[in-house]
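> Residue 232 in this note's numbering sits at position 196 of the sequence shown, with consecutive numbering throughout.
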Amino acid sequence: MALIRPVVARGILRTMKMSSGSRMPLIAGHKLLYECNLRCKMCPFWRREDEKLLDIDEEVKMMESLKRAGVSFLGFEGGEPLLRNDIGEILNESFRRFHTSMVTNGWLLKQKIRSISDDLNYLFVSLDGIGDVHDRLRGVQGSFRKAVEGIETARDYVHMAISSTITKENMDQATDLVNLSVKLGVSINFQIAYDYSTADPMSPERNKLRDTIALLRDYKIRGYPVLNSKEYFDALLNSWYGTEKWICKPWLTVNIDPSGRIVQPCYVLNEYEGTEKVWEVDLRKMWNSYNWEPYESCNKCALACYLEPSLFSWKNPSMVKERIIDSMVSYITGGLS
Ligand SMILES: C[S@@+](CC[C@H](N)C(=O)[O-])C[C@H]1O[C@@H](n2cnc3c(N)ncnc32)[C@H](O)[C@@H]1O
Ligand code: SF4
Ligand code: SF4
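Right, dumping it as structure tokens:
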């Protein structure tokens, strides 16, 4: 159950040390398909039609382009990635090149984990509430039971965590979810639902959300297995309820859609619409000729895959220890959504 290999650690150090003059993506997220077996209210992706998906040769071509551009972490998601019949082959190719993670709704996990665990550094299973709360949000009865069964099987094979999306319907379940993660013996990562124009508006009411963020920050400080950094919660409290903005660095993360197209500037602002195929451009050149400045003060979303790397600072010894030395960088690919 490898967490971070030396080759990946060197990549992180290289990218994190880059001066602001040169941009390269450290983390990549890739949707393998939009199709899904669940029907989550807050999710726009299952509502989209898949075009022709990348075959294994194209997946490898994509990976080679990402590697050349400086990417060290590749996180797979969708839609539901376990619906891909070639998921084992794809993860295997990724594991040879990157620190590899995946986020799944867990429905198919119990039957598939043994065939994929050797090629995963970290696995996230989405759980948004206890029992019916989860099932209602996910639109399919029985999805809570399946996800828990999946976690109970997978935790013996791979490092893993729960990934929880806070919406207006599960805000009061934060404590129950933290307790569930303790009971299941896995970590938990939280993020806040964003309102995409093509999904049901499920983001929590800002005033009520403040208490939940403060509560989760408190669990983090008290040593509960919350993967988000303390700084993640601080950034939200200081910006959404104060005047201190965090500087967003969306260029640290690149997302690639199911057809191999680059999503720029970030997952949220263009609602995950891809442009050019990643192997048809010079990604480094593209990254360094783009004007990222307008996005620095955006502060619109709380997606961990952008916010956590944006907050990283060499000047904060506890962050360096938590994320590099303790290899806890895995959280960054658990927030791809
Ligand atoms: C899009 S799903 C894809 C992987 C897999 N189907 C799953 O649910 O884990 C990845 C993550 O995005 C989260 N998500 C879905 N809709 C979201 C939204 N509107 N805002 C923030 N996160 C969202 C899900 O809860 C899930 O944890
Ligand atoms: S969040 Fe994941 S499980 Fe839910 S509909 Fe979207 S892709 Fe499917
Ligand atoms: S805060 Fe979110 S929406 Fe805004 S630029 Fe950063 S990643 Fe994109």
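A virtual CB, placed ideally from N, CA and C, is assigned to each residue, including glycine.
Computed from a predicted structure; not experimentally measured.
Ignore the nearest five residues each way along the sequence and tell me which others in Trp282's own chain have a CB closer than 8 Å to its CB.
Translated into the one-based positions of the sequence shown, residue 282 becomes position 246. The residues are Ala271, Asn274, Ser275, Asn335, Leu343, Ser346 and Leu347.
> In terms of DSSP beta bridges, what is Thr289 paired with?
Here residue 289 is taken as the residue at index 253 of the sequence shown, counted from 1. In DSSP, Thr289 forms a bridge with Ile63.
> Sort Pro237, Gly296, Val218 and Cys302 by Cα distance to Val262 and report the nearest one.
As a working note, residue 262 is residue 226 in the sequence shown. Residue Val218 is the option with its Cα nearest to Val262.
> Can you list, in chain order, the residues of its chain with a C-beta nearer than 8 Å to that of Tyr193? Leave out the 5 residues immediately preceding and following it.
Taking the first residue of the sequence shown as position 1, residue 193 is located at position 157. Cβ within range, chain order: Met37, Ile149, Arg150 and Ser153.
> What's the C-alpha gap between Ser130 and Glu113?
Residue 130 sits at position 94 when you count from the first residue of the sequence shown. Residue 113 sits at position 77 when you count from the first residue of the sequence shown. Each residue's Cα considered, the two are about 13 Å apart.
> Does the distance between the C-beta of Gly115 and the nearest non-hydrogen atom of ligand 2 fall short of 6 Å?
Counting from 1 along the sequence shown, the entry for residue 115 is found at position 79. Yes; taking the cut-off as 6 Å, the Cβ of Gly115 has a heavy atom of ligand 2 nearer than that.
> Can you list, in chain order, the stretches of the alpha helix (DSSP H) that have 4 or more residues and sit fully within the region 95-161?
Counting only runs of 4 or more, we get 123-131 and 145-152.
> According to DSSP, is Arg258 part of a helix, a strand, or is it coil?
One-based indexing of the sequence shown puts residue 258 at position 222. Arg258: coil per DSSP, three-state reduction.
> Going by other Cβ atoms of all chains shown within 10 Å of its Cβ, with 16 needed for buried, is Pro117 buried or exposed?
Here residue 117 refers to the residue found at position 81 of the sequence shown. Buried is the call here.
> Near Met207, which residues of its chain fall below 7 Å by C-beta distance, leaving aside the five closest residues on each side in sequence?
On the sequence shown, position 171 is the one that residue 207 refers to. Answer for Met207: Pro240, Lys244, Leu245 and Thr248, listed in chain order.
> Using 6 Å as the cut-off, classify the Cβ of Met196 as near or not near the heavy atoms of ligand 1, replying yes or no.
Position 160 of the sequence shown, counted from the start, is the residue given in the question as residue 196. No, ligand 1 has no heavy atom inside 6 Å of this Cβ.
> According to the neighbour-count rule (16 or more other Cβ atoms, all chains shown, within 10 Å of its Cβ), is Thr311 buried or exposed?
For this step, residue 311 is matched to residue 275 along the sequence shown. So Thr311 ends up on the exposed side.
> Under the DSSP definition of a beta bridge, which residues are partnered with Phe226?
Numbered from its first residue, the sequence shown carries residue 226 at position 190. In DSSP, Phe226 forms a bridge with Ser200.
> Buried or exposed: where does Met196 fall if 16 or more other Cβ atoms within 10 Å of its Cβ makes it buried?
Taking the sequence shown and counting its residues from 1, the one referred to as residue 196 is at position 160. So Met196 counts as buried.
> How far does the beta strand (DSSP E) with Gly167 in it extend, from its first residue to its last?
In the sequence shown, the residue the question calls residue 167 occupies position 131. Run containing Gly167: none; DSSP gives neither H nor E here.
> Starting from the C-beta of Glu332, find all residues in its chain whose C-beta is less than 7 Å away, skip the five residues before and the five after it, and write them out in chain order.
Locating residue 332 in the sequence shown gives position 296, where the first residue counts as 1. Excluding residues within five positions, the ones whose Cβ falls inside 7 Å are Ile283 and Cys284.
> Can you tell me whether Phe81 sits near ligand 1, meaning its C-beta is under 6 Å from at least one heavy atom of the ligand?
As a working note, residue 81 is residue 45 in the sequence shown. Under cutoff, so the answer is yes.
> Report the CB separation of Gly115 from Glu71 in whole angstroms; it is logged as a contact under 8 Å.
As a position in the sequence shown, residue 115 is number 79, starting the count at 1. As a position in the sequence shown, residue 71 is number 35, starting the count at 1. Gly115 to Glu71, Cβ: 5 Å. Contact.
> Go ahead and label Asn327 buried or exposed: buried means 16 or more other beta carbons lie within 10 angstroms of its beta carbon, across all protein chains shown.
As a position in the sequence shown, residue 327 is number 291, starting the count at 1. Answer is exposed; the Cβ neighbour count stays below 16.
> Going along the chain, which residues of its own chain have a beta-carbon closer than 7 Å to the beta-carbon of Val176, five neighbours each way excluded?
As a first step, residue 176 is located in the sequence shown; it is residue number 140 there, counting from the start. Leu74 and Arg75.
> For Lys77, which of helix, strand or coil comes out of DSSP?
Mapped onto the sequence shown, residue 77 falls at position 41. If DSSP states are grouped into helix, strand and coil, Lys77 belongs with coil.
> Please list, in chain order, all residues of the same chain as Val314 whose beta carbon is under 6 Å from its beta carbon, the five residues on each side excluded.
In the sequence shown, residue 314 corresponds to position 278, counting from 1. Excluding residues within five positions, the ones whose Cβ falls inside 6 Å are Met98, Ser101, Ile292, Gly296 and Ile298.
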